[in-house]
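Student: Per my numbering: the sequence shown = residues 126 to 788.
We put the beta carbon where it would ideally sit given N, CA and C, even for glycine.
Below is the structure I would like to discuss, written out as structure tokens.
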Amino acid sequence: MAPEFSENTASSQSGSHRRIFYALILLISIYFSCAGPGRWARLIEWEDYEFSKLPTSTEYSEAEAIMLLDDGRMTVHATKNISFSHFSQHRIIKILARAGLRWADITIPYSSQSKVKNIIARTISPDGKITMLSEKNIFDVNLYPDWIFYSDIRAKRFTLPAVETGCIVEYSYEKELQNVSYWNNWNFQHSIPTLLSRYSMRIPADWDYYVQTYPASIEPGKSGNKVTSTKSEYVWEQRNVPPLRYEVAMPAVSDVVNRVAFSPAFVSNWSDISTWFLHLAEERMKPDEAIKSFTGELIRGSNSQRQSLERIFRFVRDNVRYVAIEIGIGGYQPHFAHETFLNRYGDCKDMAALLIAMMDVAGLKAYPALVSTRQNGKVDTTLASHNQFNHVIVCAVLPDSATLWLDPTDKDCAFGELPYYDQGTCAFIVEPEGKYEFRFTPSNPAAKNLHQMTWDVKLDSSGRLAGSCEMHLHGVPAQRTRRLLAEMNSFQQTQWAASNAVDYCAGASLEQLSIENLFSPAHPLVIKFQVDVPHFAVVDSNYLILEGNIFRQSQFEDMFNTSERIHPVHFNYLPKSKDFIKLNLPETYVLHYVPDDFDDSTKLADYEIKYRSNKNELEVFRYLQFKQQEIPKAGYSEMRSFFQKIGRAERRKLILRCKNSND
């Protein structure tokens with residue numbers, strides 16, 4: 126008779142496997158601790174380079190440093206009893222200039238699901254002297270001490286010793302991940318030139334994997350030799366990669382950097398992602414009795430489901446504080462809606478779960494929508510991966526099939542609007558039973574993003590100007606300004622307004638500031654103030670000379686002052702501005718020269734400036750409206766020419782002449 130297989134027997138066998146596994150890990154660790162640091166302290170041996178033949182600052186005169194090698198290796202261990210991944214990275218960097226010294230400061234992130242070990246690092250001076258990093262100078266720190274309130278993401282941090290211009294810094298480390306992972310991304314490109322970047326992946330030979338490279342021309346090479354009888358190795362490599370250049374108004378880094386990205390292990394399609402997220406979140410998006418009771422009272426008396434939805438949204442937006450939480454699976458899984466309701470704080474997925482739970486009470490359909498915000502980059506729908514998203518919002522469907530997008534984390538957004546970073550992004554809507562849908566969130570037209578200023582000012586014969594300004598902000602300009610002002614006290618608000626007044630008019634002092642609708646996102650933000658400018662106009666004999674760009678000059682000419690462009694131009698939103706200026710002239714002066722009206726229209730934008738005079742009064746109207754949010758490199762020259770024409774038009778002078786002058 127076969128022996129009875131008991132739970133204790135299984136536990137004993139499992140314990141035996143674990144002991145064997147940890148013994149192997151210990152042997153590997155001993156090998157690295159002896160072979161690695163010892164050889165590094167004595168020898169300079171590189172497979173790809175000779176120390177005496179490394180490139181110099183003469184060859185890379187514009188670079189602060191050179192990435193000689195960036196090598197990453199991921200091995201997936203998956204057997205009946207063991208399942209984990211092992212990652213190692215090796216970097217060699219030559220520092221060419223003072224600015225490159227920052228590359229000697231190293232941060233290696235890890236989480237509660239991973240472990241960093243076997244860190245080896247050294248500095249090689251220009252004459253070949255080796256200085257090793259002491260283990261006591263490796264520190265374990267919280268990676269996000271400020272902007273993520275609760276986080277288990279930590280980091281090993283150290284700075285290399287004896288660093289100087291012309292030296293080489295080199296380090297390697299290993300990371301064990303408790304789960305099976307191929308890694309999320311590997312960037313071949315950095316802000317410095319990279320001579321060799323290589324990423325290799327070893328996985329069970331019978332496994333499928335899903336990958337995309339950007340650009341697509343980076344092809345993987347399959348190792349000709351099996352690592353073992355059950356594993357295959359794939360290698361992605363780029364050589365002589367130019368540095369990633371940063372430009373004003375460029376797309377998200379992930380949209381332009383050379384990289385490789387993977388779907389998570391065991392994920393083959395987007396239905397897998399939808400099922401995974403729903404498994405994490407479905408039970409947590411349901412209302413308990415407290416939520417049911419509160420929501421019932423909240424929507425009592427509503428005359429439509431849209432009004433009910435607005436009341437629910439405003440409650441969550443205005444009463445639940447945003448607190449970033451990244452603890453283990455909590456980086457992806459929301460807290461239970463009743464916990465967020467009780468605590469009155471949570472992160473984006475927590476607030477989305479509460480919003481959906483309350484909408485369920487009101488009989489409204491709502492789904493979580495995973496989005497990649499504008500600064501995070503575009504979503505590649507051909508690669509199923511939750512790692513492409515960094516935010517969760519809500520897609521609500523009204524009985525008339527109208528769709529409303531809701532982001533309760535943004536306190537400065539009106540009901541029915543999205544913050545600019547959510548607009549025009551690809552949203553992955555998670556529906557029941559593993560279903561899903563990709564939809565693009567709406568973007569404000571330029572007309573909704575209005576920045577309007579009305580000036581009523583008087584100029585005296587000494588060139589002094591005084592008067593009032595009333596600013597009306599709508600859409601994205603209102604959202605962004607509210608976010609700034611809402612976190613300031615009255616003194617800080619006055620300082621902010623005074624600084625802006627100086628931007629509009631050099632030498633201005635500000636008085637009598639008032640702000641309306643600061644905490645009412647459904648209405649325009651209104652800012653009123655008085656200005657006094659002692660030397661607004663230049664007095665030249667019998668003339669007063671004024672800048673043609675009264676109170677505002679287009680900043681775009683200065684922003685795009687280079688003749689060539691590396692990346693496409695990407696604006697965060699489509700802006701529209703209007704300026705109405707009524708300038709009362711001194712009685713002893715008349716208008717001597719007023720520029721001609723100017724207007725121009727391109728595929729990018731429309732611009733217009735007009736001057737109208739009536740006795741001792743001059744009116745100026747200025748208008749700019751964008752029509753195109755993204756401009757390809759091929760359109761950069763035309764865009765720059767357009768802004769230059771605006772700049773020339775606004776630099777034309779206005780001249781007043783004294784009535785008693787014989788000139």
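Mind the definition here: the segment 225-243 touches the segment 195-207 only if three or more C-beta pairs lie below 8 Å; say whether that holds.
Tutor: The segment 225-243 vs the segment 195-207: no contact.
Student: Compute the Euclidean distance between the alpha carbons of S154 and S236, then round it to the nearest angstrom.
Tutor: For the purposes of this step, residue 154 is taken as residue 29 along the sequence shown, with counting starting at 1. For the purposes of this step, residue 236 is taken as residue 111 along the sequence shown, with counting starting at 1. With a pLDDT of only 43 at S154, under 50, the local geometry of the prediction cannot be trusted, and no value is derived from it.
Student: Alpha carbon to alpha carbon, how far is K474 from L405?
Tutor: Within the sequence shown, the letter at position 349 stands for residue 474. Within the sequence shown, the letter at position 280 stands for residue 405. Distance between the alpha carbons of K474 and L405: 11 Å.
Student: In the structure shown, what three-state DSSP assignment does D443 receive?
Tutor: Position 318 of the sequence shown, counting from 1, holds the residue named residue 443. Residue state, collapsed to three classes: helix.
Student: Inspect the CB distances between the segment 648-661 and the segment 616-635 and report whether three or more fall short of 8 Å.
Tutor: Contact between the segment 648-661 and the segment 616-635 is present, because at least three Cβ pairs lie under 8 Å.
Student: Can you check the segment 378-450 for any alpha helix (DSSP H) of at least 4 residues that lies completely inside it and give the ranges in chain order?
Tutor: Whole alpha helix (DSSP H) segments, 4+ residues: 378-381, 395-406, 414-423 and 430-444.
Student: Assuming V366 contacts Q314 under a Cβ cut-off of 8 Å, what Cβ separation, rounded to an integer in Å, is found between them?
Tutor: Taking the first residue of the sequence shown as position 1, residue 366 is located at position 241. Taking the first residue of the sequence shown as position 1, residue 314 is located at position 189. At roughly 5 Å, the Cβ-Cβ gap stays under 8 Å, so V366 and Q314 are in contact.
Student: Please give me, in chain order, every unbroken run of the beta strand (DSSP E) with length at least 3 that falls completely inside the segment 711-767.
Tutor: DSSP runs (the beta strand (DSSP E)) wholly in the segment 711-767: 714-718, 723-726, 730-739 and 742-751.
Student: With a Cβ-Cβ cutoff of 8 Å, do Q513 and A377 count as a contact?
Tutor: The count along the sequence shown starts at 1 and reaches residue 513 at position 388. The count along the sequence shown starts at 1 and reaches residue 377 at position 252. Result no, Cβ atoms of Q513 and A377 do not sit closer than 8 Å.
Student: What separation, rounded to the nearest whole angstrom, lies between the Cα atoms of K503 and A374?
Tutor: As a working mapping, residue 503 is identified with position 378 in the sequence shown. As a working mapping, residue 374 is identified with position 249 in the sequence shown. Roughly 15 Å between the two C-alpha positions.
Student: Can you tell me which residues form a DSSP beta bridge with D704?
Tutor: On the sequence shown, residue 704 is found 579 positions in, with the first residue counted as 1. Per DSSP, M578 and R747.
Student: As an exercise, report each continuous beta strand (DSSP E) stretch of at least 3 residues that is fully enclosed by the segment 463-512, in chain order.
Tutor: Within the segment 463-512, the complete beta strand (DSSP E) runs of at least 3 residues are 490-496.
Student: My guess is that R370 and I640 are in contact by the Cβ rule of under 8 Å, so how many angstroms apart are they, rounded?
Tutor: Taking the sequence shown and counting its residues from 1, the one referred to as residue 370 is at position 245. Taking the sequence shown and counting its residues from 1, the one referred to as residue 640 is at position 515. At roughly 40 Å, the Cβ-Cβ gap does not stay under 8 Å, so R370 and I640 are not in contact.
Student: Tell me the residue span of the alpha helix (DSSP H) that contains F565.
Tutor: One-based indexing of the sequence shown puts residue 565 at position 440. Segment Y561 to F565 is the beta strand (DSSP E) holding F565; no alpha helix (DSSP H) there.
Student: Could you compute how far the alpha carbon of A552 sits from the alpha carbon of N709?
Tutor: What you label residue 552 is simply residue 427 of the sequence shown in a count that begins at 1. What you label residue 709 is simply residue 584 of the sequence shown in a count that begins at 1. One C-alpha to the other measures close to 52 Å.
Student: With DSSP as the reference, label L609 as helix, strand or coil.
Tutor: Locating residue 609 in the sequence shown gives position 484, where the first residue counts as 1. Note: L609 maps to helix in three-state DSSP.
Student: Given a cut-off of 8 Å, decide if L480 and P533 are closer than it, judged by their beta-carbon atoms.
Tutor: Taking the sequence shown and counting its residues from 1, the one referred to as residue 533 is at position 408. Taking the sequence shown and counting its residues from 1, the one referred to as residue 480 is at position 355. Their beta carbons are under 8 Å apart, which means P533 touches L480 by this criterion.
Student: Please tell me whether L529 and L434 are closer than 8 Å, where the distance is taken between their beta carbons.
Tutor: For the purposes of this step, residue 529 is taken as the residue at position 404 of the sequence shown. For the purposes of this step, residue 434 is taken as the residue at position 309 of the sequence shown. Contact: yes.
Student: The beta strand (DSSP E) that contains T200, what's its start and end?
Tutor: Here residue 200 corresponds to residue number 75 of the sequence shown, with the count starting at 1. Residues A190 to A203.
Student: To the nearest angstrom, report how far apart I233 and W308 are at their CA atoms.
Tutor: Numbered from its first residue, the sequence shown carries residue 233 at position 108. Numbered from its first residue, the sequence shown carries residue 308 at position 183. So the alpha carbons of these two residues sit roughly 14 Å apart.
Student: Look at the alpha carbon of V266 and the alpha carbon of S388, and state the distance between them as a whole number of angstroms.
Tutor: Walking along the sequence shown from the start, residue 266 turns up at place 141. Walking along the sequence shown from the start, residue 388 turns up at place 263. The alpha-carbon atoms of V266 and S388 are separated by roughly 29 Å.
Student: Would you be able to state if there are at least three C-beta pairs under 8 Å between the segment 508-528 and the segment 410-417?
Tutor: The segment 410-417 vs the segment 508-528: no contact.
Student: Let me check understanding here. Comparing Cα to Cα, which of M192, F209 and V715 lies closest to H76?
Tutor: Because the chain here runs from 126 to 788, residue 76 falls outside it and cannot be looked at.
Student: Near V694, what residues of its chain come up, given a Cβ to Cβ distance below 6 Å and the 5 sequence neighbours on each side ignored?
Tutor: Sequence index remark: in the sequence shown, residue 694 carries index 569 (1-based). Cβ within range, chain order: A374 and I756.
Student: Alpha carbon to alpha carbon, how far is W311 from P368?
Tutor: Sequence index remark: in the sequence shown, residue 311 carries index 186 (1-based). Sequence index remark: in the sequence shown, residue 368 carries index 243 (1-based). Those two C-alpha atoms are separated by around 15 Å.
Student: Would you identify the three-state DSSP class for Y235, choosing helix, strand or coil?
Tutor: Within the sequence shown, residue 235 is the residue found at index 110, counting from 1. DSSP places Y235 in strand when its eight states are reduced to three.
Student: Would you kindly work out how many angstroms separate the C-alpha atoms of I518 and T319, rounded to a whole number?
Tutor: Walking along the sequence shown from the start, residue 518 turns up at place 393. Walking along the sequence shown from the start, residue 319 turns up at place 194. Cα to Cα, the separation comes out at about 38 Å.
Student: What's the C-alpha gap between R469 and F644?
Tutor: The count along the sequence shown starts at 1 and reaches residue 469 at position 344. The count along the sequence shown starts at 1 and reaches residue 644 at position 519. Cα to Cα, R469 sits roughly 19 Å from F644.
Student: Measuring only the C-alpha atoms, how far is L781 from H599?
Tutor: Taking the sequence shown and counting its residues from 1, one reaches residue 781 at position 656. Taking the sequence shown and counting its residues from 1, one reaches residue 599 at position 474. Taking the straight line joining both Cα atoms gives about 35 Å.
Student: Whose C-alpha, out of I217, Q238, Y714 and I734, is nearest the C-alpha of F723?
Tutor: For the purposes of this step, residue 723 is taken as the residue at position 598 of the sequence shown. Here the closest residue by C-alpha is I734.
Student: On the CB-based measure, 16 or more other CB atoms within 10 Å of its CB, does A631 come out buried or exposed?
Tutor: What you label residue 631 is simply residue 506 of the sequence shown in a count that begins at 1. Exposed, because fewer than 16 other Cβ atoms sit within 10 Å of the Cβ of A631.
Student: Assuming I771 contacts E682 under a Cβ cut-off of 8 Å, what Cβ separation, rounded to an integer in Å, is found between them?
Tutor: Stepping through the sequence shown from its first residue, residue 771 is reached at position 646. Stepping through the sequence shown from its first residue, residue 682 is reached at position 557. Going by Cβ atoms, the distance from I771 to E682 rounds to 7 Å, so yes, they are a contact pair.
Student: Just verifying my parser: in three-state terms, what is the DSSP assignment at I207?
Tutor: Reading the sequence shown from its first residue, position 82 is the one you call residue 207. I207 falls in the coil class under three-state DSSP.
Student: Counting C-beta neighbours from all protein chains within 10 Å, is the total for F563 16 or more, i.e. buried, or is it exposed?
Tutor: For this step, residue 563 is matched to residue 438 along the sequence shown. Exposed: under 16 other Cβ atoms inside 10 Å.
Student: Roughly how many angstroms separate the alpha carbons of A774 and G592, rounded to a whole number?
Tutor: Position 649 of the sequence shown holds residue 774. Position 467 of the sequence shown holds residue 592. Each residue's alpha carbon lies about 25 Å from the other.
Student: Among Q548, A390, L729 and S666, which has the Cα closest to the Cα of S786?
Tutor: Walking along the sequence shown from the start, residue 786 turns up at place 661. Out of Q548, A390, L729 and S666, S666 has the C-alpha closest to the C-alpha of S786.
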